[in-house]
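Residue numbers (our numbering): 185 to 802.
Using N, Cα and C, we set each Cβ at its ideal position, and we do this for glycine too.
Source: prediction; values computed, not measured.
What follows is one structure encoded as structure tokens, with my remarks underneath.
Listed below in structure tokens is the structure:
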């Protein structure tokens, strides 16, 4: 829409207020203009800056929102970086439309915002400034784009504002996220795209706020037509919180939540399969009908492990025990022994539940860093907006709501020791760039720091994803991928282990020490494909040990649900691979004897081992 002179703009606003047809003004803008004239008694021709709070007033107003600002800051910083080149400033405002957090664009564009007092402390309530993105979005509690001459006051005609309301963990209006640009070369379509980006960032902030508030609760992500919702529940499966969309989806109210209503009144799922970092589960409604796939994440009680260990006589004992009699793992441990204390990064591949963290701890214990800290972070379990602050830390006073003494960050806490990043394939691209810089320069720049902090860490990463393919497709930084893969170790699924029977016996001794397995139970355990791997096996045997009568675990005591995935209905290649692995297991890894048993030539078996990427002990 072309800019109009102030007098023409005032005439246009008055014509819309008098219900004169105006094809240029949307109904939302027209309704807001009428509110400004009729209810707020505002003059569209009034000149002057917005009301602005003093520093003392800002601190007083911001105090109730310190935690919200702290949790939202990483996402706000990412949003500012994404939109900086387009000349946008990024603001977080409270429910009264007072800006409490601001990130200005580059110097040329920043001057305009500073001149017009669009920064921290400025108030843009619709009752004061008329129709504008921030004030109108808060008045209507809906996202909105107010483009140039759609502003009520003529003096704001050079700005375009895209705003999304922000709701707290109880679904109450908590403020709004505003982006504003003064670029004349950006059309409305570009601002609509920026609004979509802002709305998505705001949803992530709401997720971070919800998880931060309910960090000691289990959190289920429930799918819905209008987007996913978040439910928090305690160890007794009583609902303790629900976000705005979850409340709308399930009909939850403050009263129902306060009453401690049972989760099963609304959704049901397999709790035994949902005890990991962030498990995908099949959700059902209370009536048993399918609701779709959701996620269940455990409480964010994770703390960096500061356990110190004495190096054993043979410091690789733990790794050898984990490798057992599996030829592939034996070969991997030999490789790890050969590199000794060289500070090469290690990349662990394996399905969920195979024990990547246990293996990483054993690598740490076998190194010359064993007496120093082992610090772990699950990138999938930690909300995106928290990973930045958790990993890199921040200085005291870096942002409103920051701890008084700042935060070291996990990388600095791991100095001299080992940093384990589980599910690194889920790390956001922006943080991948920062991590790469740490690995290259061996230093960390905490948020708000004036100088870097030197660090000496050994990095162990783990993933169930194909990082090589992700790097080719641009979903993961290729340069970081090659930095991470100093030594690659594949941790086989439990169903692929050559020593699977040994593992089942060992875990049965650990989880059900006072019980023995019946023949029927053993047959069932030995044949099951274990989609949840070691974690699932431990849970199954732990439960069986509790329910077994007279110290005997029967097949009826084993909670082994039918598994319809690829392991239960394998394709030909997977079936052939499993057959060869089993033959090698039975013959102690001796290829000649396995080939004879399979009625294959030794050359053919070697070729198939190579094609199917089966590791054997050398």
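Please list the terminal residues of the continuous alpha helix (DSSP H) segment that includes residue i.
i	result
residue 694	684–695
residue 642	Here residue 642 belongs to no alpha helix (DSSP H); instead the beta strand (DSSP E) covers 642–647.
residue 391	372–397
residue 315	Per DSSP, residue 315 belongs to no alpha helix (DSSP H) and is neither H nor E.
residue 477	Where residue 477 is concerned, there is no enclosing alpha helix (DSSP H), although the beta strand (DSSP E) it sits in stretches over 474–481.
residue 355	Looking at the DSSP string, residue 355 is not in any alpha helix (DSSP H), and its letter there is neither H nor E.
residue 639	No alpha helix (DSSP H) contains residue 639, which DSSP labels as neither H nor E.
residue 246	239–246
residue 558	That residue, residue 558, is in no alpha helix (DSSP H); its beta strand (DSSP E) goes 558–562.
Spatial neighbours of residue i within its chain, please: CB distance less than 7 angstroms, with the 5 preceding and 5 following residues excluded, ordered by chain position.
i	result
residue 474	468
residue 599	639, 640 and 641
residue 281	307, 308, 309, 318, 319 and 322
residue 228	193, 194, 197, 314, 336, 337 and 338
residue 362	275, 277, 317, 318, 345 and 347
residue 540	532, 534, 606, 646 and 675
Could you check which residue in the options has the C-alpha nearest to that of residue i?
i	options	result
residue 848	659, 654, 560 and 719	In the structure as shown, the chain starts at 185 and stops at 802, and residue 848 therefore has no counterpart that could be examined.
residue 660	619, 629 and 682	619
residue 609	261, 564, 295 and 767	564
residue 552	543, 536, 577 and 500	500
residue 627	597, 555 and 258	597
residue 346	354, 355, 385 and 311	385
residue 312	236, 364, 634 and 709	236
residue 631	577, 479, 621 and 673	577
residue 798	782, 770 and 761	761
residue 261	276, 247 and 248	276
residue 272	283, 279, 290 and 278	290
residue 624	657, 633 and 663	663
residue 243	388, 285, 738 and 721	285
residue 507	682, 295, 239 and 419	682
residue 764	667, 782 and 772	782
residue 621	657, 668 and 592	668
residue 342	700, 353, 734 and 330	330
residue 367	270, 223, 701 and 656	270
residue 737	239, 684 and 692	692
Can you tell me which of the three DSSP states residue i falls into?
i	result
residue 776	helix
residue 402	strand
residue 671	strand
residue 365	strand
residue 451	strand
residue 538	coil
residue 702	coil
residue 628	strand
residue 751	For residue 751, the predicted model reports a pLDDT of 39, less than 50, meaning its position is unreliable; a value from the coordinates is still stated below. Residue 751 falls in the coil class under three-state DSSP.
residue 280	coil
residue 502	helix
residue 331	strand
residue 337	coil
residue 349	strand
residue 413	strand
residue 660	coil
residue 650	coil
residue 192	helix
I'd like the list of long-range same chain contacts for residue i, defined as Cβ closer than 6 angstroms, with 5 residues on each side in sequence excluded.
i	result
residue 231	339
residue 674	533
residue 436	426
residue 671	528 and 530
residue 344	331, 332, 365 and 375
residue 486	The pLDDT assigned to residue 486 is 42, lower than 50, so where the model puts this residue is not dependable; a value taken from the coordinates is nonetheless given after this. The answer is none, since no qualifying residue turns up.
residue 502	546 and 549
residue 739	704, 705 and 708
In its own chain, which residues sit with a C-beta less than 8 angstroms from the C-beta of residue i, not counting the 5 before and 5 after it?
i	result
residue 652	665
residue 571	258, 561, 563, 611, 612 and 615
residue 795	none
residue 401	416, 417, 418, 424, 425 and 483
residue 789	764, 775, 778, 779 and 782
Are any of the Cβ atoms in chain D nearer than 8 angstroms to that of residue i?
i	result
residue 441	Included in the structure is just one protein chain, with no chain D present.
In the DSSP assignment, find the unbroken beta strand (DSSP E) run with residue i in it and report its ends.
i	result
residue 283	283–287
residue 731	That residue, residue 731, is in no beta strand (DSSP E); its alpha helix (DSSP H) goes 717–731.
residue 425	423–426
residue 530	530–533
residue 440	It is not in any beta strand (DSSP E) - residue 440 instead sits in the alpha helix (DSSP H) that spans 438–442.
Practice task
Tell me, please, whether the stretch 723–731 touches the stretch 626–643 by the rule of three or more beta-carbon pairs shorter than 8 angstroms.
Solution key: no
Practice task
Taking 8 angstroms as the threshold, find out whether the stretch 332–341 comes into contact with the stretch 237–252 through three or more Cβ pairs.
Solution key: no
Problem - Validate contact between the stretch 663–680 and the stretch 695–710 using beta carbons, cut 8 angstroms, 3 pairs - result: no
Exercise for the section: Could you say if the stretch 298–311 and the stretch 379–398 meet the contact criterion of at least three C-beta pairs nearer than 8 angstroms? Expected result: no
Problem - Any 3 or more C-beta pairs closer than 8 angstroms across the stretch 214–222 and the stretch 322–336 - result: yes
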